[in-house]
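*Asks:* Just dropping this structure here.
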DNA sequence: TATCGATTGTTGACATATCTACATTCTAGG
DNA sequence: CCTAGAATGTAGATATGTCAACAATCGATA
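Residue numbers (this note's numbering), protein chains in the order written: chain B, -1 to 153; chain L, -1 to 153.
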């Protein structure tokens, strides 16, 4: 690593401190590796992608259908991305869409419901192994609260 | 930091507890929103994508070139993804590659070095606003350590 | 109730990521 | 030296995500 850079932490604090930059890249790196690991486990066992699983699990939590805009908000996706992904999942018979006014309700098909029962324990095991095990229960709670502070504020 | 007490897991332990599932989705949601926000800020100001910036910053930290495999490891990417992305960045004149045995060294071009000076403060401001500000300095350190536990273990 | 702006969703072109298969170089053991 | 397996990269096909433009509905208000 290079060390001799003009790093003086001006009072203006234009650039990031070491701690700050490290937090950012630690976050990205953890996210990339976590996704790769869980995704590998799940795909090997079920053939489903990570986004597929995210949609299925969130959609399954609400009986009778979720509006797309709410689903997008839960996932942190934008509506374009969700629309494209739902089209793909729909063509594979996993979900169905019902137009309700200007909105669209998403629900699982029979096939989708069947698939999710298979996926859930596999996904749970992967999450537990790769994300939960490194932490104590109280750390799990603390970490969740910290992460929610990132997504909640409209900042 | 603290000792790794391990989970008390119910005998079944097939599925995730509420805390556990919430941690997982809080993580994914925070990641999606953080990436979207920072990426929007940076793209609006520079036209560079989030992966572009990640590669530029990591490559700039090492003088004289980084081996692709190491860059991939720092980023948490797999080598295929990095190879494709570097090809695109190379064709835009941002980086250059030199073959060294079976490996490849990546370094910034003049244009890449010029670009990164423009990007860095903008990126720093975006990271500060969206990731740092919600936390105290000690939380920043704690959070970084927690995230590193996710990526470090080969688990 | 007419109409304008905001909300919700889709589409197509393009950018990025993944998967499978392959080529080259490195390394350790005969 | 050889040579088999590991490590490093690349290529093309496919899957996924983003951007800009558009269409339909909602909702407030004049």
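We put the CB at the ideal spot given by N, CA and C, even for glycine.
What are the residues in the stretch 100 to 116 of chain B lying within 8 angstroms of chain L by C-beta distance?
*Replies:* Within the stretch 100 to 116 of chain B, no residue has a Cβ that lies closer than 8 angstroms to any Cβ of chain L.
*Asks:* Buried or exposed: residue 98 of chain L, going by 16 or more other Cβ atoms within 10 Å of its Cβ?
*Replies:* Classification for residue 98 of chain L: exposed.
*Asks:* For residue 87 of chain L, go through chain B and note every residue whose CB falls closer than 9 angstroms to its CB, in chain order.
*Replies:* Result: empty, since nearest Cβ-Cβ is about 17 angstroms, beyond 9 angstroms.
*Asks:* From residue 42 of chain B to residue 121 of chain B, what distance separates their C-alpha atoms?
*Replies:* One C-alpha to the other measures close to 11 angstroms.
*Asks:* For residue 97 of chain B, write down the residues that DSSP places opposite it in a beta bridge.
*Replies:* The partner list for residue 97 of chain B (beta bridge, DSSP) reads B:102.
*Asks:* For residue 180 of chain B, which three-state DSSP category applies?
*Replies:* For chain B, the structure presents residues -1 to 153; residue 180 of chain B sits outside this window and is missing.
*Asks:* Is any beta-carbon of chain L found at less than 8 angstroms from that of residue 50 of chain B?
*Replies:* Not an interface residue.
*Asks:* Please list the partners that residue 66 of chain L has in chain B, where partner means a Cβ-to-Cβ separation under 7 angstroms.
*Replies:* Ordered by position in chain B, no residue passes the 7 angstroms Cβ test against residue 66 of chain L, which lies about 16 angstroms from the chain.
*Asks:* Please decide whether residue 149 of chain B counts as near chain L, where near means a Cβ-Cβ distance under 8 angstroms.
*Replies:* It does: the Cβ of residue 149 of chain B has a partner Cβ on chain L nearer than 8 angstroms.
*Asks:* Using a Cβ cut-off of 9 angstroms, which residues of the stretch 17 to 39 of chain B contact any Cβ in chain L, in chain order?
*Replies:* Those would be 17, 18, 19, 20, 21, 22, 23, 24, 25, 26, 27, 28, 29, 30, 31, 32, 33, 34, 35 and 36, in chain order.
*Asks:* Tell me the DSSP secondary structure of residue 16 of chain L in three-state form.
*Replies:* DSSP places residue 16 of chain L in helix when its eight states are reduced to three.
*Asks:* With a Cβ-Cβ cutoff of 8 angstroms, do residue 18 of chain B and residue 125 of chain L count as a contact?
*Replies:* Result yes, Cβ atoms of residue 18 of chain B and residue 125 of chain L sit closer than 8 angstroms.
*Asks:* Which residues bound the alpha helix (DSSP H) around residue 132 of chain L?
*Replies:* It is not in any alpha helix (DSSP H) - residue 132 of chain L carries neither H nor E in the DSSP assignment.
*Asks:* Report all residues from its chain with a CB closer than 6 angstroms to the CB of residue 30 of chain L; omit the five preceding and five following residues, and keep chain order.
*Replies:* Correct list: empty, nothing qualifies.
*Asks:* What do you get for residue 110 of chain L, buried or exposed, if any count of 16 or more other CB atoms within 10 angstroms of its CB means buried?
*Replies:* It is buried - the Cβ of residue 110 of chain L has at least 16 other Cβ atoms within 10 Å.
*Asks:* With distances taken Cα to Cα, identify the nearest neighbour of residue 77 of chain B among B:87, B:66, B:85 and B:86.
*Replies:* Here the closest residue by C-alpha is B:66.
*Asks:* Report the rounded CA-to-CA distance for residue 119 of chain L versus residue 46 of chain L, giving the unit in angstroms.
*Replies:* For residue 119 of chain L and residue 46 of chain L, the distance between alpha carbons rounds to 14 angstroms.
*Asks:* Consult DSSP for residue 76 of chain B and reduce its assignment to one of helix, strand or coil.
*Replies:* Reduced to three states, the DSSP call for residue 76 of chain B is coil.
*Asks:* Alpha carbon to alpha carbon, what distance is there between residue 53 of chain L and residue 80 of chain L?
*Replies:* Rounded to the nearest angstrom, the two C-alpha atoms are 9 angstroms apart.
*Asks:* Is the closest heavy atom of the ligand ATP to the C-beta of residue 136 of chain L under 7 angstroms?
*Replies:* The ligand ATP is not part of this structure, which contains no ligands at all.
*Asks:* What does the Cβ neighbour count give for residue 128 of chain L, buried or exposed, with the cut at 16 atoms within 10 Å?
*Replies:* Its Cβ being crowded by 16 or more others within 10 Å, residue 128 of chain L is buried.
*Asks:* To the nearest angstrom, report how far apart residue 57 of chain B and residue 145 of chain B are at their CA atoms.
*Replies:* Using only the alpha carbons, I get a separation of about 22 angstroms.
*Asks:* Check each candidate in B:136, B:24 and B:16 and name the one with the smallest Cα separation from residue 143 of chain L.
*Replies:* Per the Cα distances, B:24.
*Asks:* Are the Cβ atoms of residue 117 of chain L and residue 60 of chain L separated by less than 8 angstroms?
*Replies:* No, they are not a contact pair.
*Asks:* If you follow the alpha helix (DSSP H) that residue 116 of chain L is in, where does it begin and where does it stop?
*Replies:* From DSSP, the alpha helix (DSSP H) with residue 116 of chain L extends over 108 to 125.
*Asks:* Any beta carbon of chain L sitting closer than 8 angstroms to that of residue 118 of chain B?
*Replies:* Yes, its Cβ sits closer than 8 angstroms to a Cβ of chain L.
*Asks:* Here's a check: name, in chain order, each residue in its chain whose Cβ is nearer than 7 angstroms to the Cβ of residue 87 of chain B, leaving out the five neighbours to either side.
*Replies:* Cβ neighbours of residue 87 of chain B beyond the five flanking positions: 50, 53 and 93.
*Asks:* Could you compute how far the alpha carbon of residue 103 of chain L sits from the alpha carbon of residue 68 of chain B?
*Replies:* Between residue 103 of chain L and residue 68 of chain B, the C-alpha separation is close to 45 angstroms.
*Asks:* Using the C-alpha atoms, what's the distance from residue 35 of chain B back to residue 91 of chain B?
*Replies:* Roughly 26 angstroms separates the two Cα atoms.
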